[in-house]
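*Asks:* The sequence shown begins at 21 in the numbering used here and counts up one residue at a time.
First the structure, which I've put down as structure tokens, then a few questions once you've had a look.
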Amino acid sequence: MIVKAVRVQNFRCVKDETLFCKNLTVLVGANGSGKSTFLHALRMFYEPNAEYTEEDFYARDTSKSILITVTFTNLTEDEKRIFKSYVENEELTVEKEFTWPPTRGSQKYYGTSLVNPDFQAFRMAKGENLRKEYSKLRSMSKYSSLPPYTNKEEAEKALKNWEQQHPGECTRQRDGGQFFGFKEVGEARLERFTRFILVPAVRDASQDAYEKRGSVITEIMDLVVRKTLAQRKELIEFQEEVNKRHREIFDPSKIPELQGLEKTLTELLKLYAPDTSVKLNWRKDIEIDIPMPEANVNLVEDDYPSSVSHAGHGTQRSFILAMLQYLAFAEKSAGQETGSTPETTPTELPNLILGIEEPELYQHPDRQRYLARALSRLAQQGIPGVAKQIQFIYSTHSPLFVSLEHFDEIRVFRKVKENESLPKQTKIYYTTLDKVAEMLEKIDNKPRGSYSGETLRPRLRALMSPWVNEGFFAKFVVLVEGIKDRAAILGAAQAMGYDLESKGVTVIPCKSKTCLDRAIVIFSSLNIPVYAIWDSDYPEKNEKEVNHRLLRIFGQPEEDWPEKVCENFACFKQNLMKTLNAELGTTLNETLQEYCQIHGIDKTEYAIEDPAAFKYVFEVARKKNKSSPTLEKVIEKIIENVS
């Protein structure tokens, strides 16, 4: 089983929001937008006795419970059988409730199961009324097959059997908080099938690698190595031999000093109590325990071993990941070996859900790329010998950990003001391949079913670049055709006194006009505002349909060669450079040549890819009382949208 959805209510900055998950789910958003809140909500769901304070309640309102509801999917046949009364539409939903103040019973797990409303009176009854309510049920012809009452447990078992045999006569209701939970909760079944590991942004790897009570390496060594060693025949025989030799050496009959002390103490005691004596002997329950070896962990980088604390931070973080993953597997294996009833025979390997805060921390760019690919691969394949199925949910601020090709894995977090009297709350935005394909289908006036998610994904590779990936982190995205257009927009904005990046604006070159449609639809679907800029390329005939398509995206009437600056797009009849030439005259080329001479650049075509070159052009042009009204209007429209 893996997590399909996590619904969080009244927890920290989340009033009520749901995170829908895939095998790999990427959480992006500004600092404090609620990404870590969802990861910690999962941690608290999986911890039977999670710690929480008043600060964990949304707006510190402790009158409303914290609710964390997890829906599991991809259930195995074994899981369906064990949780059959709780499974609906091939999915299992479990809710954990936290009430205030924290007490022994303030955390409960609930499931929803099919129950017969007629049995409610019995289940609410106590004491002598139990037998009476049960007898009432048996007196009804519908329930005459129920066995006679013996005790509450047997009666409840009989009622559950009836419900399982007659699901059509039952309704789905929340149970009484007796759902199978984790470890010491309930019948401890759920953790046999699903494990969650959280790798926080800050964790001391050297402490995890140091042998002491509670450290990760100690737990792993206890479960995997020392437990096995303790069961070895040669160690058991060695233990017995040591204790036998110990008894022989300390045999009281062979130690005259002990007998002499016994005689002396008896003589002294008789001075005060004539009819008493002292008998000295060794305790027979003393056994010598053979101390198990302790691990000394070193990490090897460039063939040089060093202690964990002296390894690079990136290597330490990777080491934490590896240890925590293996610990989950080791605990699972240990749980299987302690014995299980035929009804609760666990799956062969656990299903792991790994939550990671900022996996890019301390990682070199090439290591970030490798780690991002590795997480994607493991999410599809699992880890042989460790996890049959592994699911990753991570938050990131790095464009190297997102991909336009897999935009359907991205969840964008925003803080919004829903109520003036309450703090801002987290909202999550996401989209799917099929939804984007359907939108493009409508834009192209194609019959329903012409496009699909499967055919869309390959068409996204043409757009892939680090610049496009940055768009997922932006507050506002400006989409242009090429690098020169990007340079002109950024340079003009700087010359006008606007720092677009400080306002959360990312200007993204999409390589060509034909790629703009997919980028516009994807970013818009993720609630990332878009401003698109393109060249109409008059009088090229084959460009007309592309212009028509882009205008349809913005709900505009079709034109062959549009030339306009609007609220959310701008287009030039020919192209941006020709517009600048027309408005700046000879100043454009003259100033670009000056810039090249000053900075030792061979050709102006190289300079126009640099925003600084355009900033210089517009600053010099202003001194000559020249400007580009069209481009300045575009910049003002972008600023208006951001504001």
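Note that beta-carbon positions come from the ideal geometry of N, C-alpha and C, so glycine has one too.
Since the structure is predicted, the reported quantities are computational estimates derived from the model, not experimental observations.
Specify, as a first and last residue, the run of the beta strand (DSSP E) that Lys664 falls within.
*Replies:* There is no way to answer for residue 664, as the model of the chain reaches only from 21 to 663.
*Asks:* What separation, rounded to the nearest whole angstrom, lies between the Cα atoms of Thr335 and Gln401?
*Replies:* Looking at the two C-alpha atoms, the distance is approximately 24 Å.
*Asks:* Measure the alpha-carbon distance for Gly524 versus Phe433 and round it to whole angstroms.
*Replies:* When rounded, the distance between both Cα atoms is 15 Å.
*Asks:* Contact check, Glu111 vs Lys24 under 8 Å by CB: the rounded distance?
*Replies:* Right, their Cβ atoms sit about 7 Å apart.
*Asks:* So is His333 buried or exposed if we call it buried at 16+ other beta carbons inside 10 Å?
*Replies:* His333 should be labelled exposed.
*Asks:* If you draw a straight line from the alpha carbon of Ile310 to that of Ile269, how long is it in whole angstroms?
*Replies:* Going by the C-alpha atoms only, they are around 18 Å apart.
*Asks:* With 16 other CB atoms within 10 Å as the buried threshold, where does Leu596 fall?
*Replies:* When all chains shown are included, Leu596 counts as buried.
*Asks:* Touching or not, the region 563-578 and the region 602-622, by the rule of three or more beta carbon pairs under 8 Å?
*Replies:* No: fewer than three Cβ pairs fall under 8 Å.
*Asks:* Asn588: which of Gly575, Leu278, Ile618 sits nearest, CA to CA?
*Replies:* Looking at the Cα atoms, Gly575 is the closest of the given residues.
*Asks:* By the 10 Å Cβ neighbour count, where 16 or more other Cβ atoms means buried, how is Arg431 classified, buried or exposed?
*Replies:* With 16 or more Cβ atoms within 10 Å of its Cβ, Arg431 is classed as buried.
*Asks:* Run the CB neighbour count on Asp519, radius 10 Å, all protein chains shown included, and call it buried at 16 or more, exposed below.
*Replies:* Classification of Asp519: exposed, given that the 10 Å Cβ count is below 16.
*Asks:* Enumerate in chain order the residues of its own chain whose CB-to-CB distance from Arg194 is below 8 Å, with the five nearest sequence positions on each side excluded.
*Replies:* Contacts found: Glu115, Tyr130, Gly131, Thr132.
*Asks:* So for Arg194, helix, strand or coil by DSSP?
*Replies:* Three-state DSSP puts Arg194 in a strand.
*Asks:* Determine the burial state of Met64: buried for a count of at least 16 other Cβ atoms within 10 Å of its Cβ, exposed for fewer.
*Replies:* So Met64 counts as buried.
*Asks:* By Cβ distance, which residues of its chain are closer than 8 Å to His186, with the 5 residues on each side in sequence left out?
*Replies:* Hits under 8 Å: Asn136.
*Asks:* Apart from the five residues just before and just after Leu398, which ones in its own chain have a Cβ nearer than 8 Å to its Cβ?
*Replies:* Contacts found: Ile410, Phe412.
*Asks:* Please name the residue in Glu461, Leu255, Val46, Pro122 whose C-alpha comes closest to that of Thr73.
*Replies:* Nearest of Glu461, Leu255, Val46, Pro122 to Thr73, Cα basis: Pro122.
*Asks:* By DSSP's criteria, Asn723 is part of a beta bridge. Which residues make up the other side?
*Replies:* For the chain, the structure presents residues 21 to 663; residue 723 sits outside this window and is missing.
*Asks:* Specify, as a first and last residue, the run of the beta strand (DSSP E) that Gln445 falls within.
*Replies:* Where Gln445 is concerned, the enclosing beta strand (DSSP E) stretches over 445-449.
*Asks:* Whether or not the region 81-98 and the region 476-494 are in contact is what I'm after, with contact meaning three or more pairs of Cβ atoms, one per stretch, closer than 8 Å; do they touch?
*Replies:* Because the criterion of three Cβ pairs below 8 Å is not met, the region 476-494 and the region 81-98 do not touch.
*Asks:* Would Lys593 pass as a contact of Ser648 if the rule is Cβ separation under 8 Å?
*Replies:* No, the pair does not count as a contact, with Cβ atoms beyond the cut-off.
*Asks:* Taking the beta carbon of His60 as the centre, do at least 16 other beta carbons fall within 10 Å, making it buried, or is it exposed?
*Replies:* The residue in question, His60, is buried, as its Cβ has 16 or more Cβ neighbours within 10 Å.
*Asks:* What did DSSP end up calling Ala208 once you bin it into helix, strand or coil?
*Replies:* Legend: pLDDT at Ala208 = 41, less than 50; position of this residue unreliable, value from coordinates given subsequently. Three-state DSSP puts Ala208 in coil, outside helix and strand.
*Asks:* Between Val585 and Lys653, which are expected to be in contact by the criterion C-beta below 8 Å, what is the C-beta distance as a whole number of angstroms?
*Replies:* Right, the Cβ-Cβ distance comes to about 5 Å (below 8 Å), so this counts as a contact.
*Asks:* Rounded to the nearest angstrom, how far is the Cβ of Ile628 from that of Ala507, given a contact under 8 Å?
*Replies:* Indeed, because the Cβ distance is near 6 Å, the residues count as touching under 8 Å.
*Asks:* Does DSSP put Leu480 in a helix, in a strand, or in coil?
*Replies:* Correct three-state label for Leu480: coil.
*Asks:* If you draw a straight line from the C-alpha of Ser441 to the C-alpha of Phe77, how long is it?
*Replies:* Each residue's Cα considered, the two are about 16 Å apart.
*Asks:* Would you list the one or two residues that DSSP bridges to Tyr130?
*Replies:* In DSSP, Tyr130 forms a bridge with Glu115.
*Asks:* Quick one: is Asn645 buried, meaning 16 or more other Cβ sit within 10 Å of its Cβ, or exposed?
*Replies:* Exposed is the call here.
*Asks:* Determine, using beta carbons only, whether Leu476 and Val456 come nearer to each other than 8 Å.
*Replies:* Cβ atoms of Leu476 and Val456: closer than 8 Å.
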